[in-house]
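Heads up: the structure comes next, in structure tokens.
Protein chains in written order, with UniProt numbering: chain U, 1 to 371; chain X, 1 to 371.
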């Protein structure tokens, strides 16, 4: 029985072969640079994908919340890193998890460091997050006062173990010059390592984003890389140049519910609650919420003539169809949509269907109210 | 114990009093117009909120997918209407549900009508969806050929029961002149009713959107109203003029994880996976992903000086803080965020915390893989 026969509503397909190739390629690049690959699992959020990752030598992972950490605990990871300025309301939960699982966290201020120094009951590693220059979060790279205050407070606790410095250059997603951002990251991390490695000889440096990790070859001595999105990639990354469309490992399967031949539009069951609202702008100014691929028994194919989702509401999507697509498509068919931002689409969908017709778990598929 | 003590991570608060007042006010307006209020529960997606609605005389509801219909089945609703062009891959599920629950659906083409005429095993009502003019979905109001084709095919089946015409003027969300859209809806529905009521004396007309239902007083003879968002409202609706900010019934409680006094920013745990990505543009061009309210034992208060979330990523939000907010706020505090689009925030969060500290269910909190 084909996986296609399982589908009656919007369903996120995963092509295991593509996903494994993405993991394998990045693991090889890390190895070539003598780096450890510690992928950010905010994208896949799946123990099953974690099992594939282990086959490429991946031993540690990163997550973006303690809830996601809880999902991966006890799953054989050496360390789970929570790449979010630690939320001080979750110390109790952190103490609970770190009893049985090595955890590391990120610190950006003395207030939270102080609280942790007082209240931690097990050992927890920490990175100091450095602001990569786009001002979302982190300590400014030259704010040695704050860095040293965090270090000084952490040393009052036997449970807080300094691991190193972490930069996530999220602005590389929007940047014209990914190489320049990459050079800045290398310079910042190497400067910090030089400055503090006498006192902390085991400190490591880590950088994170998918564009630099995908497009750069030389990592200038950074110890660890932590990209996330690369495990699936998406149209945004293809646009940046991090991947080709053939490297995108997930596609949303959507039922066709109506066709308007005059307007050349196809109405699909597939909207914001499935794809999320991420959008690319076409050269002619039109919006693109995802691109159509043709589904078959073996997965999907990218058609020669492009068609894309031009508008979405809560459950609906409207495809502006090429002549080729219009000819081929009937009400009741299934189409595939390559997502603009796969992390968000996966978070919306909360489960994957493999091309073998098996359901693959996602952390958010397990509902827990309050962590 | 205050509800506040339950919160350690982003949590969607619901103020039952405000929510009930919204339901009550709309039910009174419907009654004044001799209309039936059949709210669209895509916003609340909650049996508990359904129980409140019943106290204001509401007997039928609308949902946006068969999955959501399944969640509300057997919960005492006279009819559950699925306001989405019926997805022909879900006939089996429809047959299953309609054995024990009166269901109505929407039709927009002959292909799906034909399929249903062949395959339905229980009686299902249907509305013909009329394109309100913004071209998302529905039969053009003057396309009598298509309307009559759908009616003719439906009459070949003992199970397909024509109920009437449905318009959802989703474009009123973005329109300068809500009254003009409202007049168009009335004219279209009355014309169709006049034309077809001799043959179908029981046909009803229904209109849907929150802006027209909130702002208009006279509904010109339309039989039923089906707004959704009004049950919570949000900043978008307050901006349109459908409500005041004091009518917004939900707020996202978020932990403060860092404060930058120089930049006057507050970093919160609360991002796109919680609020969704809806955004309003401030008069000065800045983005607004949600507005700050102050939480207390009894709910929330709107502060005199506005502060709003100026940027978000997957888990992070950055508030541009007023002087007042900056003075009052400390790392580890909780703030409230009024959402830009409450339907999407509720769909992201999948549960509500009442001001009594009780969890209130949301349809998506029950995970079912494939419906």
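Quick reminder that beta carbons are idealized off the backbone N, C-alpha and C, glycines included.
- Cβ neighbours of residue 216/X within its own chain (closer than 8 Å, five residues either side excluded): 178, 179 and 182.
- About 13 Å separates the beta carbon of residue 109/U from that of residue 255/X, a gap too long to meet the 8 Å contact definition.
- When Cβ-Cβ separations below 7 Å define contact, residue 64/X makes contact with chain U.
- When DSSP states are grouped into helix, strand and coil, residue 83/X belongs to the strand group.
- CA-CA distance, residue 34/X to residue 363/X, rounds to 31 Å.
- For residue 269/U, the uninterrupted beta strand (DSSP E) segment begins and ends at 265-269.
- Within the region 61-94 of chain X, contact with chain U at the beta-carbon level (separation under 8 Å) is assigned to 64, 65, 66, 67, 84, 85, 86, 87, 88, 89, 90, 92 and 93.
- Among the CB atoms of chain X, none fall inside 7 Å of the CB of residue 40/U.
- Here the alpha carbons of residue 150/U and residue 25/U stand approximately 36 Å from one another.
- Under the DSSP definition of a beta bridge, residue 292/U partners with 337/U.
- Out of 97/U, 125/U and 327/U, the CA that lies nearest to the CA of residue 70/U is found in 97/U.
- Contact residues of the region 300-330 of chain X toward chain U are 311, 313, 314, 315, 316, 318 and 330 (C-beta to C-beta distance below 9 Å).
- Taking residue 73/U as reference, the option from 104/U, 43/U, 330/U and 57/U with the minimal CA-CA separation is 104/U.
- If you check the CB distance, residue 111/X and residue 257/U do not come in under 7 Å.
- Straight-line measurement puts the Cα of residue 210/X at about 27 Å from the Cα of residue 196/X.
- Remark: C-beta atoms of residue 319/U and residue 266/U approach each other more closely than 7 Å.
- For the pair residue 343/U and residue 41/U, the Cα-to-Cα distance works out to about 9 Å.
- Selection 274/U, 95/U, 235/U and 293/U evaluated against residue 304/U yields 293/U as nearest (Cα-Cα).
- Look at residue 62/U here: in three-state DSSP terms it is strand.
- Residue ranges of uninterrupted beta strand (DSSP E) with 3 or more members, entirely inside the region 189-262 of chain X and ordered along the chain, are 204-207 and 250-260.
- A residue is called buried when at least 16 other Cβ atoms come within 10 angstroms of its Cβ; residue 225/U meets this threshold and is buried.
- Nearest Cα to residue 236/X within the set 206/X, 133/X, 282/X and 261/X: 282/X.
- Here residue 281/U carries a strand assignment [DSSP, helix/strand/coil].
- Around the beta carbon of residue 85/U, a 10 Å sphere encloses 16 or more other beta carbons of the protein chains shown; the residue is thus reported as buried.
- In the DSSP annotation of this structure, the continuous segment of the beta strand (DSSP E) that includes residue 301/U starts and ends at 299-301.
- Per DSSP, reduced to three states, the secondary structure at residue 310/X is strand.
- A straight line joining the alpha-carbon of residue 130/U with that of residue 278/U spans about 27 Å.
- The beta carbons of residue 357/X and residue 253/X sit no closer together than 7 Å.
- Judged by DSSP secondary structure, residue 21/U falls within the alpha helix (DSSP H) whose first and last residues are 16-32.
- The beta carbon of residue 164/X sits closer than 6 Å to those of 127, 203, 204 and 205, all from its chain and outside the five residues before and after it, given in chain order.
- In terms of CA proximity to residue 57/U, 38/U leads the group 38/U, 64/U and 47/U.
- For residue 255/U, the C-beta contacts it makes with chain X under 9 Å involve 87, 88, 89 and 90, in order along the chain.
- Per DSSP, the unbroken alpha helix (DSSP H) holding residue 274/U starts and ends at 272-275.
- In terms of Cα proximity to residue 158/X, the closest of 143/X, 50/X, 125/X and 133/X is 125/X.
- Here DSSP, grouped into helix, strand and coil, assigns residue 161/U to strand.
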